[in-house]
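The sequence shown begins at 4 in this note's numbering and counts up by one. As structure tokens, the structure follows; a few thoughts come after it.
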Amino acid sequence: MPGQATTESRPPRLLLLGTLNSPHVEHLALAMRARGHEVVAAGEVSKLLPDPALPAAGIAIREIRGRDLRAVRRAVRETRPDVVHANWLPGLALMAALVRARPLIAMAWGSDVYAVDRRRLFQCRYTLRRSDLAMADSRVLIERLVELGADPARVYLMRWGVDLDTFSPPVDRAAARRELGLGEGPVILSPRALTPVYNPGVVLAAFERLRERVPDAQLVLKHPSPGEPVLDGRAIPAGVRVVGHVPYERMGDYFRAAEVCLSIPGSDSSPRSVWEAMACGCPCVLSDLPWTRESIEGGRHALLVPPAADAVATALERVLTDPQLAGSLAAEARTLVEAHHDREVHMDRLSDLYAAVAGGTYAEALVAGRMAPS
4 MPGQATTESR PPRLLLLGTL NSPHVEHLAL AMRARGHEVV AAGEVSKLLP DPALPAAGIA
64 IREIRGRDLR AVRRAVRETR PDVVHANWLP GLALMAALVR ARPLIAMAWG SDVYAVDRRR
124 LFQCRYTLRR SDLAMADSRV LIERLVELGA DPARVYLMRW GVDLDTFSPP VDRAAARREL
184 GLGEGPVILS PRALTPVYNP GVVLAAFERL RERVPDAQLV LKHPSPGEPV LDGRAIPAGV
244 RVVGHVPYER MGDYFRAAEV CLSIPGSDSS PRSVWEAMAC GCPCVLSDLP WTRESIEGGR
304 HALLVPPAAD AVATALERVL TDPQLAGSLA AEARTLVEAH HDREVHMDRL SDLYAAVAGG
364 TYAEALVAGR MAPS
């Protein structure tokens with residue numbers, strides 16, 4: 004079911020397939036609507052996230068439960084999109100490929116193509132062969148898609164970008180802590196979900212080691228899901244505060260209140276929260292993973308460590324006890340984000356990409372250099 008030809012009088016109509024209450028899907032839908040696209044979002048609703056926010060913003064959604072190919076086919080037929088952007092290769096992107104939605108952009112997220120079994124790999128390859136464009140948010144993930152069969156001439160490195168006004172450095176970090184009701188001790192913020200891939204047990208173990216050296220340190224764990232967090236069977240130690248869902252527009256307050264942002268997953272692909280922390284001038288301690296080496300220089304923009312408790316604790320202590328290092332990391336990180344991760348720039352480029360895909364001119368635009376982000 005091919006999409007309808009776009010016209011010069013309007014941007015292409017988009018059907019976004021993904022988790023409807025994912026902040027990534029929500030922000031993408033809102034960014035494209037702001038650029039004149041008619042947007043419909045369809046997909047599952049995660050029980051681990053707050054209710055979908057798009058309807059209140061005037062964007063239509065369609066819930067798709069499980070592997071309901073008929074519902075996907077119906078969404079494509081009734082929406083009549085110019086472009087279908089489907090997320091998660093062996094999930095909704097696969098279903099879009101199976102119902103022959105066209106033109107189809109299939110976006111990988113990382114864990115959907117890493118460490119997967121043979122069945123999932125077959126599904127990923129099938130999806131890539133039947134997509135007009137493959138997309139990911141890091142070069143290493145793009146390389147993985149090419150390994151799985153994506154046409155190198157039809158891939159796109161998408162940067163989410165950062166709202167540089169919402170995420171800006173603090174005037175007074177101590178005042179920012181007080182506004183959030185935090186104590187006077189230095190704050191380490193772990194903004195990633197408390198699920199195994201993000202190593203919450205290592206985070207807690209590292210913090211306990213750090214507290215032996217910096218007794219007044221505080222750890223803030225962001226846990227947006229309902230219910231109690233699962234922390235590898237560990238009790239929550241002294242000095243740790245768990246916060247629930249934080250609205251997007253408030254996350255900058257937490258980054259501005261923190262002396263360090265900690266993100267140490269076992270695998271990852273250019274997480275938006277890290278760039279937002281950097282934009283806020285919050286020094287980061289990150290897992291030393293392939294995506295970080297694409298543009299982050301260890302010791303200059305962030306400290307890069309293996310996700311092991313001793314290494315993480317040592318890196319945290321360095322930042323908290325060396326004001327010159329902390330200040331340099333904060334300044335260099337903000338400069339890096341300003342130069343390469345301005346959200347407005349990258350959402351404009353993505354809007355242009357949709358128009359090129361809808362019009363069948365993506366290959367020509369790629370050759371001309373208009374599609375490649377900086």
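Quick reminder that beta carbons are idealized off the backbone N, C-alpha and C, glycines included. No experiment lies behind these values; they were computed from the predicted model shown.
Alpha carbon of residue i to alpha carbon of residue j, nearest angstrom
i: R73; j: L97; result: 13 angstroms
i: G186; j: Q221; result: 8 angstroms
i: A208; j: E262; result: 19 angstroms
i: R147; j: S114; result: 11 angstroms
i: E1; j: A37; result: For residue 1 there is no data in the structure shown, the boundaries of the chain being 4 and 377.
i: L124; j: Y117; result: 9 angstroms
i: A361; j: T295; result: 32 angstroms
i: R16; j: P106; result: 12 angstroms
i: A242; j: A316; result: Residue 242 is actually Gly in this sequence, not Ala. If you take the alpha carbons of G242 and A316, they lie about 15 angstroms apart.
i: T10; j: S354; result: Low local confidence applies: a pLDDT of 49 at T10 is under 50, so the model's placement there is unreliable, with the coordinate-based value given in what follows. Their Cα atoms are separated by approximately 14 angstroms.
i: V149; j: P84; result: 26 angstroms
i: P293; j: M138; result: 17 angstroms
i: S377; j: A34; result: Since pLDDT at S377 reaches only 41, below the 50 mark, its modelled position is unreliable, and the value read off the structure follows with that caveat. In a straight line, the C-alpha of S377 is about 19 angstroms away from that of A34.
i: V366; j: P155; result: With the sequence shown as reference, residue 366 is identified as Ala, and Val is not the correct amino acid for it. Going by the C-alpha atoms only, they are around 11 angstroms apart.
i: A56; j: N24; result: 7 angstroms
i: D256; j: E347; result: 21 angstroms
i: L51; j: R103; result: 30 angstroms
i: V322; j: L307; result: 12 angstroms
i: S134; j: R122; result: 19 angstroms
i: R80; j: D175; result: 53 angstroms
i: L167; j: D345; result: 7 angstroms
i: Y129; j: L213; result: 47 angstroms
i: P198; j: H349; result: Just to set this straight, residue 198 is Thr in the shown sequence, not Pro. Distance between the alpha carbons of T198 and H349: 29 angstroms.
Residue i classed as buried or exposed, judged by whether at least 16 other C-beta atoms fall within 10 angstroms
i: T22; result: buried
i: A178; result: exposed
i: V340; result: buried
i: K225; result: buried
i: Q327; result: exposed
i: G94; result: buried
i: R180; result: buried
i: S276; result: buried
i: P189; result: buried
i: A238; result: exposed
i: L31; result: buried
i: R259; result: buried
i: P14; result: buried
i: E182; result: exposed
Residue nearest to residue i in terms of C-alpha spacing, selected from the options
i: R352; options: W163, G113, A78, A45; result: W163
i: G363; options: R157, M138, I67; result: R157
i: R303; options: C283, A314, S331; result: S331
i: Q126; options: A139, A99, I145; result: A99
i: T82; options: D54, R103, V42; result: V42
i: I299; options: V322, C283, S273, D154; result: S273
i: V206; options: L167, I267, D256; result: I267
i: V75; options: A44, I62, A280, A59; result: A44
Limits of the unbroken beta strand (DSSP E) element including residue i
i: C264; result: 263 to 266
i: L160; result: 158 to 160
i: E150; result: Segment 142 to 150 is the alpha helix (DSSP H) holding E150; no beta strand (DSSP E) there.
i: S193; result: 190 to 193
i: E66; result: 63 to 66
i: L101; result: Taken as a continuous stretch (DSSP letters only), L101 belongs to no beta strand (DSSP E), being part of the alpha helix (DSSP H) at 97 to 101.
N- and C-terminal bounds of the alpha helix (DSSP H) containing residue i
i: H88; result: Careful: H88 lies outside any alpha helix (DSSP H), inside the beta strand (DSSP E) at 86 to 90.
i: V174; result: Unbroken run through V174: none, as it is neither H nor E.
i: R37; result: Reading the sequence as shown, one finds Ala at residue 37 and not Arg. Where A37 is concerned, the enclosing alpha helix (DSSP H) stretches over 26 to 37.
i: L131; result: 121 to 132
i: S290; result: Careful: S290 lies outside any alpha helix (DSSP H), inside the beta strand (DSSP E) at 287 to 290.
CB contact flag (residue i, residue j, <8 angstroms)
i: G46; j: L18; result: no
i: L289; j: A305; result: yes
i: H27; j: Y357; result: no
i: A329; j: P286; result: yes
i: G204; j: L234; result: yes
i: L131; j: G152; result: yes
i: P173; j: C264; result: no
i: R70; j: A78; result: no
i: W278; j: V165; result: yes
i: S141; j: E297; result: yes
i: R244; j: V223; result: yes
i: H88; j: I67; result: no
Residue-chain proximity (residue i, chain C), Cβ-Cβ < 8 angstroms
i: S12; result: The displayed structure is made up of one protein chain only, and chain C is not part of it.
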